[in-house]
Each structure stands twice: as structure tokens, then as C-alpha cells.
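So the mapping is simple: our numbering equals the position in the sequence shown, first residue as 1, plus 478. Glycine included, C-beta positions come from ideal geometry on N, C-alpha and C. On a predicted model such as this, the values are computed, not experimentally measured, just so you know. See structure below.
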Amino acid sequence: MISGYAFHSQGTEALAVFRYMLESGAIPNTVTFLSVLTACSHGGLLVEAQKVFYEMIHTHHLYPRIEHYGCIVDLLGRVGRIEEAVEFVNKMPITPDAVIWRSLLSASLVNGNLGVAEMAGQKAIELQPDDDGVYAMLHNVYWAAGRSGDALKVRKMASQKVCKKPAFTWVEINGIAHGFLAEHAASIRHWPVEVQSVVRQDTWQLNDEFSLFLT
Numbered sequence: 479m480i481s482g483y484a485f486h487s488q489g490t491e492a493l494a495v496f497r498y499m500l501e502s503g504a505i506p507n508t509v510t511f512l513s514v515l516t517a518c519s520h521g522g523l524l525v526e527a528q529k530v531f532y533e534m535i536h537t538h539h540l541y542p543r544i545e546h547y548g549c550i551v552d553l554l555g556r557v558g559r560i561e562e563a564v565e566f567v568n569k570m571p572i573t574p575d576a577v578i579w580r581s582l583l584s585a586s587l588v589n590g591n592l593g594v595a596e597m598a599g600q601k602a603i604e605l606q607p608d609d610d611g612v613y614a615m616l617h618n619v620y621w622a623a624g625r626s627g628d629a630l631k632v633r634k635m636a637s638q639k640v641c642k643k644p645a646f647t648w649v650e651i652n653g654i655a656h657g658f659l660a661e662h663a664a665s666i667r668h669w670p671v672e673v674q675s676v677v678r679q680d681t682w683q684l685n686d687e688f689s690l691f692l693t
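Have a look at this one:
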């Protein structure tokens, strides 16, 4: 139930279930706390999240994982407390991962803290150099700061390091699955006749609504 409330950003309801759970004598584990913290994050409940995080460590003697710390960082970013989020990250007993730096980058960009955004973006790229989303946000950071030269450098870096996986499609005919890459659509004439027939038929159906073509 807590996870369900978290998914729908109903933090208050998730906390109510969590408190009822504790009063009933149930013992929460790290997964329970992650669900509660996620609910608080999505609901913007900073004070409640900080209290739950404290209870996790000092009352239930559980060690937070990177995901738990990430919830707090995400929440601090959501409410615009960027500098506090940076301080929290710097004091973490475990090494921040790319997800945490990406979260901080996004929040900093939204709140106009370009200095923190630049730092977080560079950290995220160091840990996950193939994340095209980070390059896009970092590009926007530099562009917003009027640093067009740095923005162009980021675009060039992204083109060199990001390798997008091509789309893959499956077609099942008479119980046999046939797979092909979207980028190989032009080679349809070399596919088995039965596959060509199905793909062309489906494609013509798509053409009417989406104007998609295979040649």
C-alpha cells in the first residue's frame, strides 16, 4: 500500500499507513523505508522525510542504501534547497552515484543555480559518460549562462561518447519470432517474403495515422 501511495504522490496517506504499521507491531525493513521516503519525496514532505530517515538509522538501526540518500537529495532539490542538498551529498558516508548527481543537476537547473548545476553535471558525466540526458541538461546550463562555447563543447562531447541503442522490433509469424533493427528497415526487400508481407501490411496501417514509411 505504501508503494502504491508513493507511485501516486500521496505522501500523507503513505505516512499514515506507515505509522499504523509501526503501531501494529510490524517491523519495517529497508524496502519499507525506501517506499516511505519515495512517497515523501513525490509529495514534497521534507520535514516528514527527514524524520523518517532519522528513525531508520537511530530507532530501527538500519543502514541506508544509496537509494535512501537519493530520496533525500531529490526532495531537497524539489523544494529548492539546493545548497542544503549539496551539503547533504558531501556528508554522505557512501560515494554518490550518477543518479544522485543527475538529480542535483536537474534541481539546480530548475532553480537557476548554475554553479551547482555545472558541478553536478560534470560529476554525473564522469560516472556515466553515455547518459545523453545529462549532456542535454549541462548544455542548457552553459547556454543559460551565456557560455555558448562551453555549450558547443558539451554537444561535441555528447556526439562522441553517447551511443544510442537502435530500436529493435519483433514480428511473430506462425509461432516463429523474426527480429529486425529499425535502422535496417530499408533492407526489407532482403527479408523473408512472409515477414515482408506482414511488415508492409502493418506499415500501411500506420501510414494512415502516423505517416510512417518503409521503402
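Quick one: what's got a C-beta closer than 6 Å to L540's C-beta in the same chain, skipping five residues either side? Within the sequence shown, residue 540 is the residue found at index 62, counting from 1. Cβ neighbours of L540 beyond the five flanking positions: T508, M534.
What are the boundary residues of the alpha helix (DSSP H) that R497 is part of? One-based indexing of the sequence shown puts residue 497 at position 19. The continuous alpha helix (DSSP H) containing R497 extends over residues 489 to 501.
Taking A504 as part of the alpha helix (DSSP H), name the residues at either end of that continuous run. As a first step, residue 504 must be located in the sequence shown, where it is residue number 26. A504 -> no alpha helix (DSSP H), and no H or E assigned at all.
For D609 and A504, what's the separation of their Cα atoms in angstroms? Here the question's residue 609 lines up with position 131 in the sequence shown. Here the question's residue 504 lines up with position 26 in the sequence shown. For the pair D609 and A504, the Cα-to-Cα distance works out to about 40 Å.
Return helix, strand or coil for V557, following the three-state DSSP convention. Residue numbering aside, residue 557 sits at position 79 when the sequence shown is read from its first letter. The DSSP-derived three-state label of V557 is coil.
In whole angstroms, give me the CA-to-CA distance for K569 and Y547. Numbered from its first residue, the sequence shown carries residue 569 at position 91. Numbered from its first residue, the sequence shown carries residue 547 at position 69. Rounded to the nearest angstrom, the two C-alpha atoms are 11 Å apart.
By Cβ distance, which residues of its chain are closer than 6 Å to L554, with the 5 residues on each side in sequence left out? Reading the sequence shown from its first residue, position 76 is the one you call residue 554. Closer than 6 Å at Cβ, skipping near neighbours: E562, A563.
Answer yes or no: do I480 and A517 have a C-beta to C-beta separation smaller than 8 Å? Translated into positions along the sequence shown, residue 480 becomes position 2. Translated into positions along the sequence shown, residue 517 becomes position 39. Taking a C-beta distance under 8 Å as the contact criterion, I480 and A517 qualify as a contact pair.
Sorted by chain position, which residues of the same chain lie with C-beta nearer than 7 Å to S581's C-beta, five sequence neighbours on each side aside? In the sequence shown, counting from the first residue as 1, residue 581 sits at position 103. Excluding sequence neighbours, S581 sits near G548, V551, D552, G555.
Under DSSP, the alpha helix (DSSP H) around L583 begins and ends at which residues? Against the sequence shown, residue 583 aligns to sequence position 105. Counting along the chain, the alpha helix (DSSP H) containing L583 begins and ends at 576 to 588.
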